[in-house]
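A quick write-up on the structure given underneath.
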Amino acid sequence: MGFPGIEATFDPIRKIDSATFTGAYQAVGTPLTRQIRLFKIVNDSSVPVTVSLDGVTDNDYVPANGFSLYDITSDKVKDDGWFIPIGTQFYVKGAAGVRFVYIVCLGA
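Quick note, this note's numbering runs 459 ahead of the 1-based positions in the sequence shown.
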């Protein structure tokens, strides 16, 4: 018998090759199709990146070979707390580099 509660599930990984960077914001993967409670930005590239949730506003900076982890409401019930909303598109910008930037999302 399992524990009652909600089940967190992963979205497919979103990624972009830093070799394609131009210094302008570029979309990473597809927009969210469900609310997200936790996400991680992994910058495995050789260059720092700036992250945006609207393609205009600078929301985060992730150094080369660094990451940011956001646990929005993992300790809340399904309909309680904050979420990254459906339709949100992640964007990154930086100089051209090598390797990838990944975005990992968990929803409930």
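Every residue gets a Cβ at the ideal spot worked out from N, C-alpha and C, and that includes glycine.
Among the options, which one has its Cα closest to the Cα of residue i?
| i | options | result |
| --- | --- | --- |
| Val551 | Leu497, Thr516, Ile495 | Thr516 |
| Leu503 | Gly566, Gly553, Ala567, Leu565 | A small correction: the amino acid at residue 503 is Asp; Leu does not occupy that position in the sequence shown. The shortest Cα separation from Asp503 among Gly566, Gly553, Ala567, Leu565 belongs to Gly553. |
| Phe469 | Ala478, Gly482, Thr492 | Thr492 |
| Ser505 | Ala567, Phe480, Pro471 | Phe480 |
| Asn524 | Gly566, Trp541, Gln548, Val557 | Val557 |
| Ile475 | Gly566, Ala555, Asn518, Ala567 | Ala555 |
| Asp513 | Cys564, Pro490, Gln494, Pro522 | Pro490 |
| Val563 | Tyr484, Asn518, Ile500 | Ile500 |
| Phe559 | Trp541, Pro522, Thr547 | Pro522 |
Using the DSSP secondary-structure output, state which residues sit across from residue i in a beta bridge.
| i | result |
| --- | --- |
| Gln485 | Val551 |
| Arg558 | Arg558 pairs with nothing; no bridge assigned. |
| Phe623 | Residue 623 lies beyond the residue range present for the chain, which begins at 460 and ends at 567; the question has no answer from this structure. |
Just to confirm before moving on: does the CB-CB distance between residue i and residue j stay below 9 Å?
| i | j | result |
| --- | --- | --- |
| Ile543 | Ile531 | yes |
| Phe498 | Tyr529 | yes |
| Ser477 | Val508 | yes |
| Pro566 | Ala486 | In the sequence under discussion, the amino acid at residue 566 is Gly, which differs from the Pro named in the question. Contact flag unset, no. |
Since residue i and residue j should fall inside the 8 Å C-beta cutoff, what is the C-beta to C-beta distance between them, to a whole number of angstroms?
| i | j | result |
| --- | --- | --- |
| Arg473 | Tyr561 | 7 Å |
| Phe549 | Gly488 | 7 Å |
**Prompt:** Taking the runs of the alpha helix (DSSP H) that are 4 residues or longer, which of them lie wholly in the region 492-548?
**Reply:** Segments of the alpha helix (DSSP H) lying fully in the region 492-548: there are none.
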